[in-house]
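Each residue of the sequence shown is one higher than the last, beginning at 1283 in my numbering.
What follows is one structure encoded as structure tokens, with my remarks underneath.
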Amino acid sequence: MCMLYTVKSVLNYFNKQGSTVTMAALDISKAFDKVNHYVLFSKLLDRRVPLCMIKVLVCWYGKCNAVVRWQSSMSHVFVINAGVRQGGVLSPLLFSVYMDNLIDKLEACGYGCKVHGVYAGCILYADDIILLAHTSYAMQKMLDVCSEESISLDLKFNVNKSVALRVGPRWRTLCAPLTLGSTALRFVQSTKYLGVYLKSDVKYSCSYGHLKLRFYSCFNALFSRSKASNSELVTTEVLNTVCIPMLTYALEVTDPNKTATSMLNNLINRAICKIFNCCDSDTVNDVKHFLDVYDIRTVYQERRTAFLHKTSLLDNNVLRTVLVCC
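Right, here's the structure in full:
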């Protein structure tokens, strides 16, 4: 959530000053599987991580072996010399250390968005990368740095999934093409980042249309199975704990407008109507009140307040800066 909030705050900060921000969402091909162990251990040594911990990691990853099975035949055992364990607790931290030099070089090049002197041109969460620049020229320089650094990191950007979009007053204006390596990036109307669809618009906004299909698919599947309980209360509890969280994911940082809030509430109201076989709005509101099915706007306000309080306690320069700006 902090990454999404930072992106939103940086965009709002520049848009209020009349600037149009160029944003690039980069995708790394099989990022976790291509981490070079020797480069990773060297970076840990440079960070002065205790040698005993590095030795544990060397021993651990040095014993990663695999075989290939084809029907009933097995290949010889071979050693895996690259990659960090998928789903491992340490894997995101190790990958962050592995990619940290990229952020340092982007900041050192002098391009990218800055908020009151704090660099916010690269927002990186694991292998999800967002670049933010207030000019197309600056964005191209940042992409060149990424291309050069990917060679030293032995990583490859997936240009088919990497896209660019613009947010600000001149978002519709055509600009010079952006290239990543030798391939031009596609300019799109929206892109998915950490489960949220960011839109190219005059200001920061998100798309919620994809939630309809997800919500109805989940609700209809659960509703057909919960009929066996012959209890509306059980079905409503399933709706409240499984289906509604799909609609409220990252709600505190996406700032839904009245239209989006109304659309999300209508999805819940229709589900209540189907469960209790009613269509009267007053009855639906009474059911929601007595069964603790809260209005989307109420959930948004409570979660936003809790999120802002939580982030204000974090020791993070970028977050503290954007909190002051908003």
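We put the beta carbon where it would ideally sit given N, CA and C, even for glycine.
Would you kindly work out how many angstroms separate the C-alpha atoms of residue i and residue j, rounded to a whole number?
| i | j | result |
| --- | --- | --- |
| residue 1372 | residue 1346 | 15 angstroms |
| residue 1377 | residue 1551 | 43 angstroms |
| residue 1368 | residue 1321 | 19 angstroms |
| residue 1496 | residue 1335 | 43 angstroms |
| residue 1387 | residue 1315 | 23 angstroms |
| residue 1365 | residue 1441 | 21 angstroms |
| residue 1494 | residue 1549 | 7 angstroms |
| residue 1605 | residue 1486 | Residue confidence for residue 1605 is low, a pLDDT of 49 falling below 50, so the modelled location carries little weight and cannot support an answer. |
| residue 1544 | residue 1579 | 9 angstroms |
| residue 1332 | residue 1338 | 10 angstroms |
| residue 1288 | residue 1414 | 11 angstroms |
| residue 1355 | residue 1292 | 55 angstroms |
| residue 1582 | residue 1455 | 33 angstroms |
| residue 1470 | residue 1571 | 41 angstroms |
| residue 1300 | residue 1403 | 18 angstroms |
| residue 1528 | residue 1520 | 12 angstroms |
| residue 1538 | residue 1353 | 52 angstroms |
| residue 1505 | residue 1532 | 25 angstroms |
| residue 1540 | residue 1397 | 29 angstroms |
| residue 1374 | residue 1558 | 45 angstroms |
| residue 1566 | residue 1477 | 30 angstroms |
| residue 1573 | residue 1491 | 27 angstroms |
| residue 1344 | residue 1324 | 15 angstroms |
| residue 1542 | residue 1449 | 19 angstroms |
| residue 1392 | residue 1433 | 21 angstroms |
| residue 1498 | residue 1370 | 33 angstroms |
| residue 1512 | residue 1284 | 42 angstroms |
| residue 1310 | residue 1330 | 27 angstroms |
| residue 1563 | residue 1423 | 55 angstroms |
| residue 1591 | residue 1577 | 22 angstroms |
| residue 1546 | residue 1342 | 47 angstroms |
| residue 1515 | residue 1451 | 49 angstroms |
| residue 1526 | residue 1553 | 10 angstroms |
What does residue i pair with, by DSSP beta-bridge criteria?
| i | result |
| --- | --- |
| residue 1461 | 1466 |
| residue 1447 | 1305 |
| residue 1415 | 1304 |
| residue 1406 | 1411 |
| residue 1473 | 1480 |
| residue 1347 | 1361 |
| residue 1488 | 1480 |
| residue 1400 | 1397 |
| residue 1641 | Past the edges of the chain, shown from 1283 to 1608, lies residue 1641, and the structure says nothing about it. |
| residue 1318 | 1364 |
| residue 1439 | 1310 |
Under 8 angstroms Cβ to Cβ from residue i, same chain only, skipping five residues before and after it: list those, please.
| i | result |
| --- | --- |
| residue 1359 | 1347, 1348, 1349 |
| residue 1313 | 1377, 1408, 1409, 1437 |
| residue 1467 | 1306, 1425, 1441, 1444, 1445, 1446, 1459, 1460, 1461 |
| residue 1357 | 1349, 1350, 1351 |
| residue 1522 | 1573, 1574, 1575 |
| residue 1555 | 1561, 1566 |
| residue 1507 | none |
If you measure between the beta carbons of residue i and residue j, is that distance less than 9 angstroms?
| i | j | result |
| --- | --- | --- |
| residue 1380 | residue 1308 | no |
| residue 1501 | residue 1463 | no |
| residue 1479 | residue 1286 | no |
| residue 1418 | residue 1390 | no |
| residue 1509 | residue 1517 | yes |
| residue 1411 | residue 1395 | no |
| residue 1294 | residue 1484 | no |
| residue 1593 | residue 1453 | no |
| residue 1290 | residue 1536 | yes |
| residue 1530 | residue 1421 | no |
Might you give, ordered along the chain, the residues of its own chain that have their beta carbon closer than 6 angstroms to the beta carbon of residue i, omitting 5 neighbours on each side?
| i | result |
| --- | --- |
| residue 1384 | 1431 |
| residue 1362 | 1346, 1348 |
| residue 1534 | 1585, 1586, 1589 |
| residue 1318 | 1364, 1436 |
| residue 1568 | none |
Near residue i, which residues of its chain fall below 7 angstroms by C-beta distance, leaving aside the five closest residues on each side in sequence?
| i | result |
| --- | --- |
| residue 1489 | 1472, 1479, 1481 |
| residue 1406 | 1381, 1385 |
| residue 1340 | 1323 |
| residue 1326 | 1336, 1379 |
| residue 1524 | 1500, 1504 |
Within the 9 angstroms Cβ cut-off, does residue i reach chain D?
| i | result |
| --- | --- |
| residue 1376 | Given the protein chain composition of this structure (a single chain), no chain D is represented. |
Report task. Only counting runs of 4 or more residues, tell me where the alpha helix (DSSP H) segments fall wholly within the region 1532-1590, in order along the chain. Result -> 1533-1536, 1540-1558, 1563-1572
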